[in-house]
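Worksheet for the structure shown next.
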Amino acid sequence: MEDKKFLTYEQQVQKLYDKKLEIPNCQEVIELLKKYSYFNLVNGYKAPFKNKDGNYKKGTSINDIYSLYIFDDAFRHILMKYILIVELNVKSLLSYSFCEKFGENQSEYQNAMNYKYTPNNQRDINELIQIITKQINNAWKFFYVDHQKKKHNNIPLWVLIKTLTFGNMSKMYSLQQDCIKSDIAKEFPLIKENQLSIILDILTRYRNVCAHNERLFDFKYQQSRLKTTMIHRYFNLYTNNPSASNLFDVIIFLKYLLNEYEFSSLVEDIDFILQKLSRETNQIQKSQILKLMGFPQNWKDIIDL
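Residue numbers (our numbering): 1295 to 1599.
Now the structure itself:
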């Protein structure tokens, strides 16, 4: 396969023109390409606007592609906002439950025997403890950790856990003893402790998409295995078979993890950017973007479930 060749901005515009994209103002297109790059903007968001022959649908301009890009960017910010709420909540619950059982000494969460140290978990637990130990050794990077270390010569989990990534926190939950996982899951009464492990893993993947500015709206996590909730059943999405998670699955999970006010705000935020996208381009129908995201057409029914 021939390598992609470098193209000047003018050549990139010509390439778009050759693919039947409408270009009323060449300089405006160049400015967008300078700011966002051809790869991120065009390659990332062109698909819904193209015909099977590879050319753009009649009437499509760079502004249509840009509108979808801006929609996706807004969705990333919205999703990140609410995933961070979940992250703070679970970290708080995890540190509380662990310290309630084992105490506040840092040696306790560095002790592999205080986790579910089964043969299948041993490697993951040892890796987690290595990560935790590294954070302790790097206490100087976080003023609140450094303060605890210097003043008390001990870093309780409720302090250290703030430095862990969502992925580390998710893994830490999954490796807890059953009694601790059960205590945490009880705070989310409509899901079970094993389901919470899966949900946190999926949210980790979507949080990373948001944090690294990857395309979100049609992202699917292939290793998912949780489409068995009551809400999945309501929308005829229920299945026991392995199935990739999409963006609507994430919204379902957030329904179970956020309080009523937070979730209503999430739905309002999503609906707002959907309406904005519909106003800014008629080259992609609302029903089409919902389908690409895995959203049913009556997705807002989720508020009342």
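All residues carry an ideal CB built from backbone N, CA and C; glycine is no exception.
- Task: With residue 1460 as the anchor, note down where its alpha helix (DSSP H) starts and where it stops.
- Result: 1460 to 1468
- Query: Could you give the distance in angstroms between the alpha-carbon of residue 1369 and the alpha-carbon of residue 1510?
  - Reply: 8 Å
- Query: Would a C-beta distance cut-off of 9 Å place residue 1406 and residue 1420 closer than the cut-off?
  - Reply: yes
- Message: Residues in the same chain with beta-carbon distance under 7 Å from residue 1482, minus the five sequence neighbours each way, listed in chain order, please.
- Response: 1490, 1550, 1551
- Task: Take residue 1311 and list the residues in its own chain whose beta-carbon comes closer than 8 Å to its own, dropping the five residues that flank it on each side.
- Result: 1317
- Whole-angstrom Cβ separation of residue 1467 and residue 1453, contact assumed at under 8 Å? Residue 1467 to residue 1453, Cβ: 18 Å. No contact.
- Task: Have a look at 1299, 1415, 1447, 1414 and flag the residue whose alpha-carbon is nearest the alpha-carbon of residue 1430.
- Result: 1447
- Could you name the residues of the same chain whose beta carbon sits closer than 6 Å to that of residue 1464, not counting the 5 residues immediately before and after it, in chain order? 1494, 1495, 1498
- Message: Cutting at 6 Å between CB atoms, please list the residues of its own chain near residue 1339, excluding the five before and the five after it.
- Response: 1359, 1362, 1363
- For residue 1574, I'd like the list of residues in its chain whose CB is within less than 7 Å of its CB, leaving aside the five on either flank, ordered along the chain. 1361
- With DSSP as the reference, label residue 1331 as helix, strand or coil. coil
- Nearest to residue 1390 by CA position, among 1583, 1525, 1586, 1476, is which residue? 1476
- Item | Given residue 1425 as reference, the closest of 1404, 1374, 1353 once Cα atoms are compared | 1404
- Item | Nearest-angstrom Cα separation, counted from residue 1478 out to residue 1243 | Any question about residue 1243 goes unanswered here, given that the chain covers just 1295 to 1599.
- Message: Please list the terminal residues of the continuous alpha helix (DSSP H) segment that includes residue 1367.
- Response: 1356 to 1396
- Item | Residue interval of the alpha helix (DSSP H) (run including residue 1583) | 1580 to 1587
- Item | Three-state secondary structure (DSSP) of residue 1533 | strand
- DSSP state of residue 1340, grouped into three classes? coil
- Please look up how many angstroms separate the CB atoms of residue 1581 and residue 1569, rounded, as I've assumed it's under 8 Å. Their Cβ separation, rounded to whole angstroms, is 14 Å, which puts residue 1581 and residue 1569 out of contact at 8 Å.
- Item | Closest Cα partner of residue 1572 within the set 1303, 1353, 1365, 1350 | 1365
- Message: Would residue 1594 and residue 1565 be called neighbours here (beta carbons separated by less than 9 Å)?
- Response: yes
- In the DSSP assignment, what residue or residues form a beta bridge with residue 1350? 1344
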